[in-house]
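Asker: Chains Y and G, in that order, give the protein sequences.
If you want our numbering, it's the 1-based position in the first sequence plus 5.
If you want our numbering, it's the 1-based position in the second sequence plus 391.
Positions of the beta carbon are idealized from the N, C-alpha and C atoms, including for glycine.
Below are the structure tokens for one structure; questions will follow.
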Amino acid sequence: MGFGRLHFIRTLVRGVPLGVAVWAALLFALPAGAQQGALDRAIVRNRLYALNDKFELGASIGVGLLTHLVRTTQLQASIGFNFTETWALDIRAGYALSGHTGLAGALAEQVYRDPAVRSEDFSDLWEMKLNGSIGVRWAPIYGKFSLLGELPIHFKAYVWAGGGAARMHRESILICTTPGTNGCDAFLGQNRTAPMASVAVGLKLFTHRGGAIRIELRDYSFRDAYLVGVDRERAKAGGSPGTPSSSPGWTHLGQIDLGYTLHF
Amino acid sequence: MRRLMPALIVFWTLMATAALAQSEPGGAPLEDHSQPNVAVHAVEKKELSEARRHELALYPVAVQVNGKFTRHTGSALSYVYHLQERFGLQITPIFNWHSAPSGFNRELETKLGASADPANSLLLNWGIHAGVEATPIYGKFTFHNGTLGRFSLVLSGGAGLGHTRHQLKSEDPATGGATYGSIGNKFIGSLGGGLKLEIARRYAIRLEVRDVIYTARVDKVNGCTLEDLNGLQDDPTNLVNSGSCKASSFSGPFAETDIAIARTLVETPSSAVLNNLGFYAGFSVLF
């Protein structure tokens, strides 16, 4: 066994308990006095950008991720108040410009021309429109990094959780209600207002004391609803197209948000 | 990755904007009593230099996050030799211990009788790629004004080889598990980015997103061409290997079904460039 391998194994054996301990400390947020690292704690503890007792006003644009059948681009505004350095309450309002993807359109056309019996409509077809939510933001991490070795950037990392309601629209890709001469003129459309939950993780990159760029990964989840026992011919004739599924599951709408927040 | 490029450009533009807006010529002063919050320069020298050191990273979980037609979950190992403080050479083998069509693909099949092109639903069994790793950004953070941590932004890129397969018979409670046919080895490329969070002098947690890009062309299954498969379909009991065609791979109780599905897959050869975007979570040791 060469020296390199021996050195590696010694390093591994010596360091594992320390690594586990430090990681556990990070997870459970031990007080500052519990750790005597090589870094000077004051470096980051003295925050250049403090948000305590400050209001926030923000605007952002969100783009849907994992767009299978529905695409979403959302315009959002938010107002919030920072009760402490780490805890804040946000109220958000948004309007999503949403619709079917090209894949959904192609499938709808293909299925319409296929005479085979299809008894169950597709899931995850609800498009979010106007929506509002309220939630709590927890930002325990404050840090800074150096861009290209010279420019310091201060940031805060946070998680967000809350709930609200959204106006939604759904257009079936299976059930045609108005047949046309060269295809289906109109598929079954439904509207509803539904409760939703939302969670997010994000970063605020401070540009100055009064504002920050915000980058966020957000998930909206709401109860799905679609029809089973579908009779396409009956739907074309104006009859009942089917019955609601008893276990439709949940729809998750993931999006990446990019925005700017003013602090005052 | 093409979809992500505008987002990456916007991200770097925003980073630069934030940096320029915050910039203080020459960095923050060492002592400025009028602004106690900038008492020390933003980023100090690293405690342990990485130059000319080795790093071994294990990612127990690497899960696909953009699975429209496929779903992959695996584990990966990465070895990095740091040529300089911020630049190294890396080699990464990955093994996907779970690779199957996605729930969306199955829903397409069961509800609409449709499915993705064979090339779009190609599964990556394993891969190995080598390339470079750079850590252009180094920073530190505090958790709840207590624990201090340091992190680096890690960017990586490389090229290599991967083995692909395609599902033949679907999983069915009546007939048992799914069966798969080998589509062969393909060239792969890899681009990645993420965070390396130092938890001790030599140890770090790595959270990365890596895009494994591979070209997919489905014109053979288990090495068998359409002509081979036509012959096997005529006489499914005569599973004799010939040339590149490994006919014996179709053995089993569903050989006939598998051959028929394989024939359908290659009947109209399809091709695509696939992006397997995965979230890799692991830890590394520097030695």
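1) CB-CB under 8 Å to A569/G, same chain, minus the five flanking residues each way: which ones, in chain order?
2) Do we get a CB-CB distance below 9 Å when we pair I528/G with the residues of chain Y?
3) Straight-line CA distance for D224/Y to S469/G?
4) Quick one, which of N536/G, D626/G and K531/G has its alpha-carbon nearest G148/Y's?
5) For the 8 Å Cβ check, are there 3 or more pairs between the stretch 236-254 of chain Y and the stretch 94-102 of chain Y?
6) What separation, rounded to the nearest whole angstrom, lies between the Cα atoms of L267/Y and L656/G?
7) Could you give the residue range of the beta strand (DSSP E) that holds V456/G?
8) Whole angstroms is fine: what's the gap from S83/Y's alpha carbon to P157/Y's?
9) Rounding to the nearest angstrom, what Cα-Cα distance links A565/G and T648/G in this structure?
10) Quick one, which of I482/G, S506/G and F674/G has its alpha-carbon nearest S493/G's?
11) What did DSSP end up calling N57/Y once you bin it into helix, strand or coil?
12) Here's the rule I'm using: 16 or more other beta-carbon atoms within 10 Å means buried, otherwise exposed. How should W488/G be labelled?
13) By the three-class DSSP mapping on this structure, what secondary structure does T182/Y have?
14) Is DSSP giving L559/G helix, strand or coil here?
15) From which residue to which residue does the alpha helix (DSSP H) around A646/G run?
16) Report buried or exposed for A144/Y, applying the criterion of at least 16 other Cβ atoms within 10 angstroms of its Cβ.
17) Whole angstroms are fine: how far does the CA of N516/G sit from the CA of V603/G?
18) Does E498/G have its Cβ less than 9 Å from a Cβ in chain Y?
19) N576/G bridges to which residues according to DSSP?
20) Step through the CB atoms of chain Y and report whether any lies within less than 9 Å of the CB of G504/G.
21) Would D262/Y count as contacting chain G if we go by Cβ distances under 9 Å?
22) Can you name the residues of chain G whose CB is closer than 8 Å to the CB of V141/Y?
23) Answer with yes or no whether the minimum CB distance from P249/Y to chain G is below 9 Å.
24) Give the DSSP-derived three-state secondary structure of F495/G in the structure shown.
25) From which residue to which residue does the beta strand (DSSP E) around R608/G run?
26) Using DSSP with H/G/I as helix, E/B as strand and the rest coil, what is R214/Y?
27) Given 8 Å as the limit, is there contact between the stretch 184-204 of chain Y and the stretch 219-236 of chain Y, that is, 3 or more CB pairs closer than that?
28) Under 9 Å, do P660/G and V609/G count as touching if we go by C-beta distance?
29) Could one say the Cβ of N667/G lies closer than 9 Å to chain Y's Cβ atoms, at least one of them?
30) Let me confirm a value: N187/Y is counted as buried when at least 16 other C-beta atoms fall within 10 Å, else exposed. Which label applies?
31) To the nearest angstrom, how far is the alpha carbon of S573/G from that of A521/G?
32) Is the beta carbon of N621/G less than 9 Å from the beta carbon of T461/G?
33) Just confirm the distance between the C-beta atoms of F127/Y and L208/Y, as a whole number of angstroms; I'd bet it's less than 8 Å.
34) Counting only C-beta atoms, is P120/Y closer than 9 Å to chain G at any point?
35) Quick check on E176/Y - is its C-beta less than 9 Å from some C-beta in chain G?
36) Measuring CA to CA, which of G551/G, A595/G and R592/G is closest to I579/G?
Answerer: This is what the structure gives:
1) So the qualifying residues of the chain are A491, Q558, L559, K560, S561 and E562.
2) yes
3) The alpha-carbon separation between D224/Y and S469/G amounts to approximately 31 Å.
4) K531/G
5) no
6) 55 Å
7) Per DSSP, V456/G belongs to no beta strand (DSSP E) and is neither H nor E.
8) 27 Å
9) 15 Å
10) S506/G
11) coil
12) exposed
13) strand
14) coil
15) Note, A646/G: alpha helix (DSSP H), A646 to E658.
16) By the 16-neighbour rule on beta-carbons within 10 angstroms, A144/Y is buried.
17) 12 Å
18) yes
19) Answer by DSSP bridge pairing, in chain order: H554/G.
20) yes
21) no
22) The premise fails here: V141/Y is roughly 16 Å from chain G at the closest Cβ pair, so nothing lies under 8 Å.
23) no
24) helix
25) Y594 to V609
26) coil
27) yes
28) yes
29) no
30) exposed
31) Cα to Cα, the separation comes out at about 24 Å.
32) no
33) With a Cβ gap of about 35 Å, F127/Y and L208/Y do not count as contacting.
34) no
35) By this cut-off, E176/Y is not an interface position.
36) G551/G
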